[in-house]
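Asks: In the working numbering, the protein residues as written are 48 to 508.
Sharing a structure here in structure tokens format.
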Amino acid sequence: MSNQAKYDSLREKFEFFCFQDYHYSVENGNFFAKFDFVLQPTVATHCLRPIEFHPCFEIPARSFYKWNDIPKPLLENLIFHIGMIELISYWKIACPKKVIIKPFALDEEQIRWWKKLYFNGLGEFFYVNGIQTNINDFMTIDCSGAVRHCHSERSEESYLHEQTLIPVGGGKDSVVTLELLKNRVPAIPLIVNPRGATKECVAAAGFIEEQTAIIKRTLDPTMLQMNAEGYLNGHTPFSALLAFYTILLGFATKSKYIALSNESSANEPTVPDTEINHQYSKSVAFENDFRHYVAKYIDADIQYFSFLRPLNELQIAKLFSRAKDYHKVFKSCNAGSKTDSWCGKCPKCLFTWLALSPFISRTELTDIFGKDLLSDNNLRPVLDQLDGSVEVKPFECVGTVGEVRACVNKILQTDDNLQGTILDGVATTDDMTVEDYVTQFDEGNNLPDLFKNILKEGINA
């Protein structure tokens with residue numbers, strides 16, 4: 048059965064997906080929340096029972112959390128919105144036509160906003176699975192049973208302080224943000240489901256565990272079982288999920304600023320001439336939409352922005368090359384995340400190597416990655432995807448085709464030992480140079496003036 052046929056069949060088999068409720072508690076400073084989701088079969092499939100999912104998350108106690116200071120309506124609104132973004136991972140298992148929301152009612156603008164996020168955030172999921180659908184038909188959202196409404200809880204006096212929350216993923220981007228901000232503004236690093244690289248990067252920045260906000264997010268095992276059984280599966284917009292979690296942590300720590308590390312390069316579609324972008328929820332389009340939504344329906348005082356938005360991948364790589372304390376501990380490879388290693392085989396590994404190559408020697412890169420990626424000819428097809436030799440870029444968080452070509456050109460012009468490598472026989476192109484890229488500053492950003500000045504000082508240092 049094709050995935051399109053499976054999609055159509057499952058939509059007939061299951062009547063709706065319901066966000067039933069949420070629960071939360073604070074015990075000894077530890078915050079815990081759980082969601083109740085139900086996948087409801089149609090009457091015709093009477094042999095099937097409703098399938099329940101109960102994903103949850105925990106935030107371990109820290110001295111900087113002020114849970115009791117958050118007004119209850121605001122706290123419940125924040126938790127509800129995390130449930131709204133968590134549900135997409137469970138809805139996509141069977142993609143029922145109707146989604147029922149019970150905890151809060153959404154107005155028509157909100158429904159359009161969520162449908163846009165779900166649809167664009169699942170663009171890769173639909174594309175890779177070969178599913179044909181559109182934003183009007185893929186789901187309806189029904190809130191008719193809810194009695195409470197979402198609205199901004201902003202008070203006349205600001206609840207938040209001049210403090211910055213910095214999500215850390217363990218890669219070069221969040222390292223650059225940490226390094227530039229840690230001594231300039233009061234900062235709290237944030238890690239979701241800590242692993243070796245995230246913990247070591249935070250430690251290299253000088254933060255101990257008690258100074259770090261941590262979220263332990265747990266997927267429902269029933270979803271993982273259904274994925275293994277052959278239900279629909281694929282990419283979901285993790286950065287959008289992170290965005291809603293950061294707003295909760297912003298209020299818990301009274302931090303006015305949420306400084307992400309998404310760059311201008313994330314705006315380029317993965318599939319040319321479409322809206323399909325693996326990094327959709329890292330794009331400035333999502334960032335703008337999210338800021339508007341939060342201001343109107345949650346709180347207008349908190350400021351969510353990407354600190355690195357004015358920069359491209361090569362500028363970030365140049366800044367990272369100076370942060371030598373992190374070179375042995377950072378990891379960006381998704382395939383190697385469970386073992387805290389570089390797999391050395393995937394597009395993310397090769398792109399990171401190429402982006403750093405104008406600023407870090409081939410010998411040093413070999414030491415960082417554990418092997419010379421240029422000498423692995425199994426990576427030639429990956430290079431073809433990255434440099435635009437084939438139409439579709441890898442569905443990974445990688446830079447633009449132009450950035451890759453600039454790095455390849457630089458290697459071809461400066462490295463005399465390329466015989467037998469993946470660049471053997473590759474010709475230079477007329478694209479922009481590395482030097483062109485490192486002088487850019489994208490004004491399409493949401494940085495407050497303080498942060499913009501810090502960033503400009505950093506790139507001009």
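Think of the CB as a built atom: it goes at the ideal place given N, C-alpha and C, for glycine as much as any other residue.
Treat the numbers as computed from the prediction; the structure is a model and nothing was measured.
Would you check if the distance between the CB atom of Leu-497 and the CB atom of Val-232 is smaller than 9 Å?
Replies: Reading the sequence shown from its first residue, position 450 is the one you call residue 497. Reading the sequence shown from its first residue, position 185 is the one you call residue 232. Yes, they are a contact pair.
Asks: Are the beta-carbon atoms of Asn-456 and Thr-486 separated by less than 9 Å?
Replies: Reading the sequence shown from its first residue, position 409 is the one you call residue 456. Reading the sequence shown from its first residue, position 439 is the one you call residue 486. No, Cβ-Cβ distance for Asn-456 and Thr-486 is not below 9 Å.
Asks: According to DSSP, is Asn-206 helix, strand or coil?
Replies: Here residue 206 refers to the residue found at position 159 of the sequence shown. In the sequence on display, residue 206 carries Tyr and not Asn. Residue state, collapsed to three classes: coil.
Asks: Quick test of the definition: if touching needs 3 or more C-beta pairs under 8 Å, does the stretch 146-162 touch the stretch 191-198?
Replies: Touching, yes, given that three or more Cβ pairs across the two stretches are closer than 8 Å.
Asks: Can you check which of these residues, Leu-465, Trp-400, Ala-453 and Glu-490, is closest to Asp-478 by C-alpha distance?
Replies: Translated into the one-based positions of the sequence shown, residue 478 becomes position 431. It is Ala-453.
Asks: Using CA atoms only, rank isn't needed, just tell me which of Leu-401, Tyr-71, Phe-79 and Gly-277 is closest to Arg-427.
Replies: The residue given as residue 427 occupies position 380 in the sequence shown. The shortest C-alpha separation from Arg-427 is found at Leu-401.
Asks: Between which residues of its own chain and Glu-450 is the CB-CB distance below 8 Å, once the five residues before and five after are set aside?
Replies: As a working mapping, residue 450 is identified with position 403 in the sequence shown. Only Ser-312, Asn-359, Glu-360, Leu-361, Ala-402 and Tyr-484 meet the Cβ criterion.
Asks: Using a 10 Å radius around the Cβ and a threshold of 16 neighbouring Cβ atoms, would you call Thr-399 buried or exposed?
Replies: Start at 1 with the first residue of the sequence shown, and residue 399 comes out as number 352. Result: buried.
Asks: How long is the line joining the alpha carbons of Gln-210 and Phe-352, rounded to whole angstroms?
Replies: What you label residue 210 is simply residue 163 of the sequence shown in a count that begins at 1. What you label residue 352 is simply residue 305 of the sequence shown in a count that begins at 1. So the alpha carbons of these two residues sit roughly 14 Å apart.
Asks: If we count the other Cβ atoms within 10 Å of its Cβ and call it buried at 16 or more, is Asp-184 buried or exposed?
Replies: In the sequence shown, residue 184 corresponds to position 137, counting from 1. Burial call: exposed.
Asks: Between which two residues does the beta strand (DSSP E) carrying Val-73 extend?
Replies: As a position in the sequence shown, residue 73 is number 26, starting the count at 1. Segment 61-74, the beta strand (DSSP E) holding Val-73.
Asks: Excluding five sequence neighbours on each side, which residues of the same chain lie with their C-beta closer than 8 Å to the C-beta of Ala-141?
Replies: As a working note, residue 141 is residue 94 in the sequence shown. Leu-57, Arg-58, Lys-60, Phe-61, Phe-64, Leu-86, Tyr-278 and Leu-279.
Asks: Give me the Cα-Cα distance between Trp-389 and Leu-421, rounded to the nearest whole angstrom.
Replies: By 1-based counting over the sequence shown, the position of residue 389 is 342. By 1-based counting over the sequence shown, the position of residue 421 is 374. Roughly 15 Å between the two C-alpha positions.
Asks: For Cys-380 and Gly-446, I'd like the C-alpha separation in whole angstroms.
Replies: Residue numbering aside, residue 380 sits at position 333 when the sequence shown is read from its first letter. Residue numbering aside, residue 446 sits at position 399 when the sequence shown is read from its first letter. Roughly 14 Å separates the two Cα atoms.
Asks: Could I get the ranges of all uninterrupted alpha helix (DSSP H) runs contained in the stretch 403-467, with 4 residues as the minimum, in chain order?
Replies: Correct list: 409-416, 427-433 and 448-461.
Asks: Per DSSP, what kind of secondary structure is Ile-262 in: helix, strand or coil?
Replies: Your numbering for residue 262 matches position 215 in the sequence shown. Here Ile-262 sits in strand by DSSP.
Asks: So what's Val-318 in DSSP terms, helix, strand or just coil?
Replies: Indexing the sequence shown from 1 puts residue 318 at position 271. Coil at Val-318, not helix or strand.
Asks: With Tyr-292 as the anchor, note down where its alpha helix (DSSP H) starts and where it stops.
Replies: Along the sequence shown, one-based indexing puts residue 292 at 245. It spans 285-299 - the alpha helix (DSSP H) in which Tyr-292 sits, taken as one unbroken run.
Asks: Taking Cβ to Cβ, would you say Lys-440 is nearer than 9 Å to Val-318?
Replies: Your numbering for residue 440 matches position 393 in the sequence shown. Your numbering for residue 318 matches position 271 in the sequence shown. Yes; because the gap between Cβ atoms is below 9 Å, this pair is in contact.
Asks: Just curious, the beta strand (DSSP E) that Asn-500 is in, first and last residue?
Replies: What you label residue 500 is simply residue 453 of the sequence shown in a count that begins at 1. Careful: Asn-500 lies outside any beta strand (DSSP E), inside the alpha helix (DSSP H) at 496-507.
Asks: Relative to the C-alpha of Glu-123, which residue among Tyr-292, Val-376, Ser-330 and Ala-332 is closest?
Replies: Locating residue 123 in the sequence shown gives position 76, where the first residue counts as 1. The candidate whose alpha carbon is nearest that of Glu-123 is Tyr-292.
Asks: With DSSP as the reference, please indicate the residues paired to Leu-307 in a beta bridge.
Replies: Indexing the sequence shown from 1 puts residue 307 at position 260. Leu-307 is bridged to Ser-353.
Asks: Give me the residue from Met-186, Trp-138 and Thr-413 with the minimum Cα distance to Gly-281.
Replies: One-based indexing of the sequence shown puts residue 281 at position 234. When only C-alpha atoms are compared, the closest one is Trp-138.
Asks: Determine the DSSP secondary structure at Asn-359, reduced to helix, strand or coil.
Replies: Position 312 of the sequence shown, counted from the start, is the residue given in the question as residue 359. Three-state DSSP puts Asn-359 in coil, outside helix and strand.
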